[in-house]
Every structure is written in C-alpha cells, then in structure tokens.
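Working notes, structure below.
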Amino acid sequence: MEHKAGFVNIIGNPNVGKSTLMNALVGERLSIITSKAQTTRHRILGIVNGDDFQIIFSDTPGIIKPAYELQSSMMNFVKSAFEDADVLIYMVEIGEKDLKDEAFFNKIIHSKIPVLLLLNKIDKSNQEQLEEQVDFWKEKVPNATVIPISALENFNVETVFNTIKELLPVSPAYYPKDALTDKPERFFVNETIREKILLNYDKEIPYAVEIETEEFIEDEKIIRIRSVIMVERDTQKGIIIGHKGGALKKVGVQSRADLEKFFGKQIHIELYVKVNKDWRSSEYQLRRFGYNQ
Ligand code: GDP
Ligand code: K
Ligand code: MG
Numbered sequence: 001m002e003h004k005a006g007f008v009n010i011i012g013n014p015n016v017g018k019s020t021l022m023n024a025l026v027g028e029r030l031s032i033i034t035s036k037a038q039t040t041r042h043r044i045l046g047i048v049n050g051d052d053f054q055i056i057f058s059d060t061p062g063i064i065k066p067a068y069e070l071q072s073s074m075m076n077f078v079k080s081a082f083e084d085a086d087v088l089i090y091m092v093e094i095g096e097k098d099l100k101d102e103a104f105f106n107k108i109i110h111s112k113i114p115v116l117l118l119l120n121k122i123d124k125s126n127q128e129q130l131e132e133q134v135d136f137w138k139e140k141v142p143n144a145t146v147i148p149i150s151a152l153e154n155f156n157v158e159t160v161f162n163t164i165k166e167l168l169p170v171s172p173a174y175y176p177k178d179a180l181t182d183k184p185e186r187f188f189v190n191e192t193i194r195e196k197i198l199l200n201y202d203k204e205i206p207y208a209v210e211i212e213t214e215e216f217i218e219d220e221k222i223i224r225i226r227s228v229i230m231v232e233r234d235t236q237k238g239i240i241i242g243h244k245g246g247a248l249k250k251v252g253v254q255s256r257a258d259l260e261k262f263f264g265k266q267i268h269i270e271l272y273v274k275v276n277k278d279w280r281s282s283e284y285q286l287r288r289f290g291y292n293q
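Per full-length UniProt numbering, the sequence shown starts with residue 1, numbered consecutively.
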C-alpha cells in the first residue's frame, strides 16, 4: 500500500472557527477556543495517523493587521503556513463577504497548492443563504473546492477529512506514527490557563497575559503543576487575583478540570501572578515565550 503524508494549513479571519475545525479533525482539544479574536497566538500542529497516511494539520492565529510586536510575530506564523503546505484550508464563515487583507487573498487565488474553501457555521444559515454564499465563494475563489460545514456540530467534517486524504501526496510520515502534536505538555497547560483567562476577564486583560509553566511533575496518578500568570501592570495583577483571591481561584478550578480530561490524570495546580512590564513589546520576552521563530 502506498503511504501518503502531508501538511494541511488552516488560515482565515479571526473567529471563523479554525481552531474548532482542527480539534474536530484531530479528535482532541489541542487548540483553545473562545469567542474572542486572537485566542490562538501560536501555530499549533495536530497530527492524525492512519495505517497508510499521516495528516499534519496546522492551526494558525487569524489574519490581522499587526498593532504591536506580539501581533507581528503572530502574523509570521500565518505567513509560514503558506510556505510548507500540501493542502491549504481557507476558512470563511457564513455571512462573511470579504477578506480583510488583499495580499492574503491574492496569495490564495494564485495558490499552486490545492485550496479547500470551507464555509463554516452553516448551522446558523438557511438553505437560500447557504446556496447564495456557496455561489459567491465559488466565483470569488475559482481554484478552490468549496465545502459548507459546521465545525461545531461536526457536519461535513468527515467529507473534509476524506477530501484531504485524496489530495495528500505520496510520502513517508514526517513525525513518529504515535505523535499527536509538536508541542510539549507544558504548552497545553499554558494554553488551558490562557483560555480560562480569556473567558473570565474583560477588555484588555486577556491580551496582556502570558503564561509560563515552571513545574510539570508527572507521577503515576497525579501531575503537579506550577504556573505563573504574567501581566504587564500592577493594576492587572490585582484584577487577575480578584477579591480575596476569588477570581484566580476560579481560573485554577476551571483549568484543573480541563487538564484532568486532557491528560487523563489527577492534577494539582498552583497559580501565581507576576508583573513583567511591557512583555508584549519586548523582542527578548517574546522570544522567551516562543513567538519569534
Ligand atoms: P478561530 O478564531 O478561527 O480559531 O475560531 P474558534 O475556533 O476559536 O471559534 C470562534 C467561535 O466560533 C467560538 O465561539 C466557536 O464556538 C464558534 N464556532 C466555531 N465553529 C462554529 C460552527 O460551526 N457553528 C457555530 N454556530 N459556531 C461555531
Ligand atoms: K477565537
Ligand atoms: Mg483559533
């Protein structure tokens, strides 16, 4: 039997459902998901292995116009997603009619690699709107295969999966056949905590936060974790901790529940908050947190 393998990169505007799709395709909650833009900051690989294939999905941050250094490096992740793909997934959501970034759009319509245009969130549309949108995107991106899906309700996700398998080039596997992702365990701890912060705090707070897991000690039945929540200012520290530590405690409880599911073990988690002035604008700090490639 011939073995197929390749890279499938998922790009699109913020909040269209890229991370939801990758998790559905991989069958694991690798990418955090919230209704807020810029939830995904890194490029995250999700690997699906079969006897005769290996698909390496990569989830990227949404396409944005960078306003500060962190965002610039997030856009480098998106750009690199163009460079090594065997199949490109360009995701749009129902009702979306335009690309915010012309340069990206031109790259897509002139792409030499196969493009799947996934029209997501069709659970929110009616038949008439759906047909109109499919026609619109077929005309706008003539080189793409247009597939309407609902990543959230798992509608047509299998069709996407099978279409990708067809398009994969013949190749040996790139990663060990038991690999699920390229990211270390601590990365998923950091991301889980960051997701809870996105869910629990308003306005600028989540965007000023970075997580660093200092300790990850795995025993047979329990994993002991200690993580720092980094903020830019003292006032933000106070908000994260909350009255009598209540807000921080909530983040800990919610993170622990998710991490126990993810790792399949009991979790002990200790969180504390530290001020790290202006980390988002510091190249040195960004490198330290794995943003600058
Ligand atoms: P990303 O920013 O493109 O990675 O988008 P996310 O995967 O984080 O999803 C953004 C929001 O859209 C979340 O609230 C998801 O639950 C929601 N979402 C994703 N896919 C669907 C879908 O198929 N239908 C609906 N109704 N919502 C969806
Ligand atoms: K999002
Ligand atoms: Mg995302």
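Where a beta carbon is used, it is the ideal one built from N, C-alpha and C, also for glycine. Predicted, not measured: the structure shown is a model, and the values here were computed from it.
query	result
What is the C-beta distance between Q236 and A208, in whole angstroms, given that I count them as a contact (C-beta under 8 Å)?	6 Å
Buried or exposed for T159, going by 16 or more other Cβ atoms inside 10 Å?	exposed
Whole angstroms is fine: what's the gap from D234's alpha carbon to G242's?	12 Å
If you scan the UniProt domain "KH type-2" (201-277) from start to end, which runs of the beta strand (DSSP E) of 3 or more residues do you find wholly inside it?	210-218, 222-231 and 266-275
I want to know whether the region 162-175 touches the region 127-140 - three or more CB-CB distances under 8 Å.	no
Can you tell me where the alpha helix (DSSP H) with I44 in it begins and where it stops?	Counting along the chain, I44 falls outside any alpha helix (DSSP H), though it belongs to the beta strand (DSSP E) covering I44 to G50.
Pick out whichever of E139, F104 and V92 has its Cα sitting closest to the Cα of I122.	V92
Between the Cα of D219 and the Cα atoms of R43, G264 and N200, which residue gives the shortest distance?	G264
On a Cα-Cα basis, can you pick out the residue from F53, H110, R224 and N190 that is closest to H42?	N190
Three or more beta-carbon pairs under 8 Å between the region 24-42 and the region 186-201, yes or no?	yes
Measuring from each Cβ to the nearest heavy atom of the ligand ADP, keep the ones under 7 Å and list them in chain order.	Ligands in the displayed structure: the ligand GDP, the ligand K and the ligand MG; the ligand ADP is not one of them.
Quick test of your reading: L88 and N15, contact by CB under 8 Å. State the CB separation rounded to the nearest angstrom.	That pair is no contact at about 19 Å.
Is the beta carbon of S31 closer than 7 Å to that of D59?	yes
Would you list the residues sitting across from residue 305 in a DSSP beta bridge?	Any property of residue 305 remains undetermined from this structure, which presents the chain solely from 1 to 293.
Any heavy atom of the ligand GDP closer than 6 Å to the beta-carbon of N154?	no
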